[in-house]
Amino acid sequence: MIAFHLARPWAPGGFVGVDVFFVISGYLMTGIIVGRLRQGRFRLRDFYVARLRRIWPALAVLCGGLCAVGAVALDPWTLERLAADVPATLVFLSNFSFGARNGYFAANQATNWLLHTWSLGVEWQFYLAYPLLLLVLFRIAALRRRLWLVITGLAAISLVACLVLSAFSWTWSYWLLPTRAWELLAGALCVALEGRLRLSPLGRGLGHAAGLAAIALGAVLALPGADWPSATALLPVGGAALVIVSAAPRSYWAETAVVSAIGRASYSIYLWHWPVVVALRYAGIQLTPLVAAGAIVAMLVLGFGSYWLIERKATEWVFAPRRGRWRIGIAAGLGVFALAVAAWLSGGFEAPRTAGLPAPVRAALADDRRAATDWRFPDVCGRLVRRPLKVCQIGDPAARQVLVFGDSHAQQLAPRYAHLFDAEPGRGVTFLTEPGCAPIPGVGRRRTGGACGRWSDAAFRWAEGAGFQRVVLISNWQTYFAAAPGQPAGEGCLADARDCAPRAAGMAASAFAQVAFDHLIAEIGRLQARGAQVVLVGQAPHGGDAGAPQGLYQSSFWGQAVSTPAIPRRDLQSEAALVQGQLARASRLTGAPLIDPLGALCPDGPCPATEAGRGLYLNPGHFRASAVSLPMFAFLDPWLAPAEPIAPK
């Protein structure tokens, strides 16, 4: 996991460490519970207390430490977001909280200070339910005799559910116990095989090596994406199980003093490793080999410190068999909870921490916070039709002048035209949109499976028969086609009616874009044959992290001056080169006009992130509603709100 987080391009599959951990956890817990049940000395309360004692103190110290340090070292908005995640983390529900935002591999999760605690949520939920299940099975004689068969059946059900949901790129399959239980139960089944396998020392050694090789192969083949855990997860899970059941007589590599020490402190090291990574990102420190080495040292120091001081000394002291000490532990836990809630509700203690800043800076900070919620779609729709497709009509619902067809980059423009057509019969603009879906037939998105492909196909059929004079295609094109490390074709995929092929059969990004835009060129021809004029709008600039509201807030707070960064135009052009080339090809072959937002919004060089001291962006990729109403966006008006009738194609 540390290799994945510190050197993701070189260890893209390092996240399979969590899958291996689940197998080990399931094995250990099953051995404890089943062993004590067979001896007639299992006590549910004792089990829960032991698990809580093992996990919660170090976790609470992590949360409290981050909030306390954050009150000094983080800007108020970042501290507020961190503190808001602490309550769910402390009650082991962070997997639900984080899953509701986005997938584990999404860009907005990279600065989530407590992201790694999702696995503790899954683990604790397993600890709550699993002993109850085993108690029931042991009390029913027929089920007790078939204990391992029942567990095998439950593991199979969980595995099937996981593979089916992941294949459809349902993001929740990554976060939840029902789709992760098979990994924990794989470890449980290792208990059933203990003592039953008759392997020679050589066989055990070979099994041990084969298991390690399977884990390594899984780490090589696994790619970050919404389809995880996929069938590839069987490699690290099966490899971990094989290592356990092989029970090699000697694991020389694991018996060294260094590995043994790291193993004992592994939980605390895990707790602290991710905050170190996020701290580097927050400080804007590039991950060079030297920085990575220093980060590993920091992780180990913090991890061993937590292990010795919290897991060993403090926990033993609090849980010592003397009256009253447990109350101190409860008071400390409540103190952490109270600190987090106070930081959350006070906006990261914003009022006292910004009181001494100049008035223009405080005004800019307040505007940055407003910018993050400045999104008015579909509120600006005069009429919103949701079935069978989501259609937003502004102006006269009967108007068939312009259809704007696209994803959220089309939606962000709607506020500009909210009242333009008031009291003007026959004039209006219609938006046919779906966030996260490219307006290209047959192209889906990995995180939504075949849903985007189904939407685009249905939307184009609707557009062909709707009788609009002009169809304007607007999208965040590069999201679907830009290549990323370990991903041949960015977020896009070739989709059929049911599913999505995330890797486009191994296709390179350029080849994938060629095929996808061939589909679009053919569709443009069909629309033109129906008499519609088709207009293509190219890739719009984005603000990136520095131009997003929280980036501006952070810069203004620490700089004590209003931040006005500019985004290098050359970088934006380089990022969009692939899709701009394909859009130019589509324009050339079909005669559809191609509008260049980059040239219109950044005519003289760098692209602005602010205008008159106010941020232009809602987030790294979208303009805020108030920004699109500015004169700088007037270049779109002749195409989306023509004053004169549109000449037939």
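According to the working numbering, the stretch in the sequence shown is residues 156 to 804, in order.
The C-beta atom is built at its ideal place from N, Cα and C for all residues, glycine as well.
Exposure of residue i, with buried meaning 16 or more beta-carbon neighbours within 10 Å
| i | result |
| --- | --- |
| A343 | buried |
| E471 | exposed |
| R294 | exposed |
| I399 | buried |
| A386 | exposed |
| I595 | buried |
| I483 | exposed |
| V227 | exposed |
| V431 | buried |
| E349 | exposed |
| S415 | exposed |
| A660 | The predicted position of A660 is uncertain, since its pLDDT is 47 and thus under 50; a value taken from the coordinates is nonetheless stated next. Classification of A660: exposed, given that the 10 Å Cβ count is below 16. |
| W330 | buried |
| H574 | exposed |
| Q694 | buried |
| W713 | exposed |
Residue j beta carbon less than 7 Å from that of residue i
| i | j | result |
| --- | --- | --- |
| A701 | N774 | no |
| C592 | D562 | yes |
| S252 | T272 | no |
| P763 | P723 | no |
| R517 | T266 | no |
| A369 | L390 | yes |
| L520 | Q715 | no |
| V557 | R609 | no |
| W268 | V433 | yes |
| C345 | A388 | no |
| S274 | V173 | yes |
Residue i versus residue j: straight-line alpha-carbon distance, rounded
| i | j | result |
| --- | --- | --- |
| P696 | L756 | 8 Å |
| A671 | P786 | 34 Å |
| F281 | F202 | 13 Å |
| P657 | P384 | The predicted model places P657 with a pLDDT of 47, which falls under 50 and marks its position as unreliable; any figure quoted below should be read in that light. So the two alpha carbons sit approximately 14 Å from each other. |
| A621 | C547 | 14 Å |
| Q735 | A527 | 28 Å |
| P640 | S710 | Note on P640: pLDDT 41, under 50, position unreliable in the model; no value is reported. |
| L738 | G770 | 29 Å |
| R743 | I676 | 10 Å |
| W429 | S611 | 38 Å |
| G225 | L234 | 6 Å |
| R335 | S328 | 8 Å |
| A806 | P333 | No answer is possible for residue 806: the residues shown for the chain start at 156 and end at 804. |
| A618 | G680 | 13 Å |
| L445 | L568 | 45 Å |
| G169 | A447 | 16 Å |
| Q642 | L270 | Note that Q642 scores 44 on pLDDT, short of 50, meaning its location in the model is unreliable; the coordinates nonetheless yield the value given after this. Rounded to the nearest angstrom, the two C-alpha atoms are 22 Å apart. |
| W303 | R419 | 30 Å |
| F586 | Q566 | 7 Å |
| L489 | V241 | 12 Å |
| S630 | V783 | 15 Å |
| G503 | A578 | 46 Å |
| G373 | F176 | 14 Å |
| A614 | Q728 | 30 Å |
| R600 | A663 | 16 Å |
| G581 | A554 | 5 Å |
| P752 | R531 | 21 Å |
| Y708 | D522 | 9 Å |
| A747 | T719 | 36 Å |
Which residues DSSP lists as bridging residue i, in chain order
| i | result |
| --- | --- |
| H777 | N774 |
| V626 | L558 and V689 |
| A721 | P763 |
| R538 | Q548 |
| R769 | E766 |
| L749 | L691 |
N-terminal and C-terminal residue of the beta strand (DSSP E) that residue i is part of
| i | result |
| --- | --- |
| G308 | It is not in any beta strand (DSSP E) - G308 instead sits in the alpha helix (DSSP H) that spans L302 to A322. |
| C345 | Taken as a continuous stretch (DSSP letters only), C345 belongs to no beta strand (DSSP E), being part of the alpha helix (DSSP H) at A336 to L348. |
| I549 | V546 to G550 |
| T588 | G583 to T588 |
| R600 | V598 to R600 |
Where the alpha helix (DSSP H) containing residue i begins and where it ends
| i | result |
| --- | --- |
| I451 | P444 to S461 |
| V400 | L389 to S401 |
| V171 | Neither: V171 is in no alpha helix (DSSP H) and is coded neither H nor E. |
| A506 | E505 to T509 |
| G706 | P704 to G714 |
| N257 | No alpha helix (DSSP H) holds N257; DSSP gives it neither H nor E. |
| Y635 | W632 to F636 |
| D522 | A514 to A526 |
Residue i at chain D interface by Cβ criterion, 7 Å
| i | result |
| --- | --- |
| A789 | Of the chains in the structure shown, none is chain D; there is only one protein chain. |
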